[in-house]
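With the working numbering applied, the sequence shown has no gaps in its numbers, which climb one by one up to 552 at the end.
Just so you know, even glycine gets a beta-carbon here, dropped at the ideal spot from N, CA and C.
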Amino acid sequence: MTSAPTWTIAEVAQEFDVTHRTVRHYEDLGLISPERRGTQRVYHRRDRTRLGLILRGKRLGFPLEEIRTIIDLFDAPRGRRTQLEYVLGQIDERRADLDQRLRDVQDAIAELGEFERRCREDLDKLA
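This is the structure we're talking about:
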């Protein structure tokens, strides 16, 4: 029987394009929990999966506490179904927030355009 693959902190950090400090930070927060062999951290498939979920959540703008809830649900008895239902609810909330931000930015751009137009008209009148 072959043993399950493991990774070092350097390998995990390189694979996910993050610093060692970032990986240790998520460990300090309890989001990942690598095995310790003396002073060496040994990462298993579960740690890599959780790190991938953490980084995906961060890219999507979720706060770390929300990410913790999502990945902890993965370990819950109903596991994946509960996690997916929860995540879908969070996605709806995040999308609504981003849609509102997009509308705000579009409004600000339109307002800037109108202000620019008036400034150019005033400048032309002074010429």
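Query                                                                                                                                    : Result
Could you check how far apart the C-beta atoms of leucine 485 and phenylalanine 441 are, in whole angstroms? I think they sit under 8 Å. : Their Cβ separation, rounded to whole angstroms, is 15 Å, which puts leucine 485 and phenylalanine 441 out of contact at 8 Å.
So, leucine 498 versus threonine 507, is the Cβ gap smaller than 7 Å?                                                                    : yes
Measuring CA to CA, which of Trp432, Gly463, Leu454, Leu527 is closest to arginine 471?                                                  : Trp432
Considering only C-alpha positions, which residue in the set Asp500, Thr464, Gly455, Arg543 is nearest to glutamate 490?                 : Gly455
Under the DSSP definition of a beta bridge, which residues are partnered with valine 467?                                                : Glu460
Exposed or buried, which one is valine 530 when buried takes at least 16 other CB atoms within 10 Å?                                     : exposed
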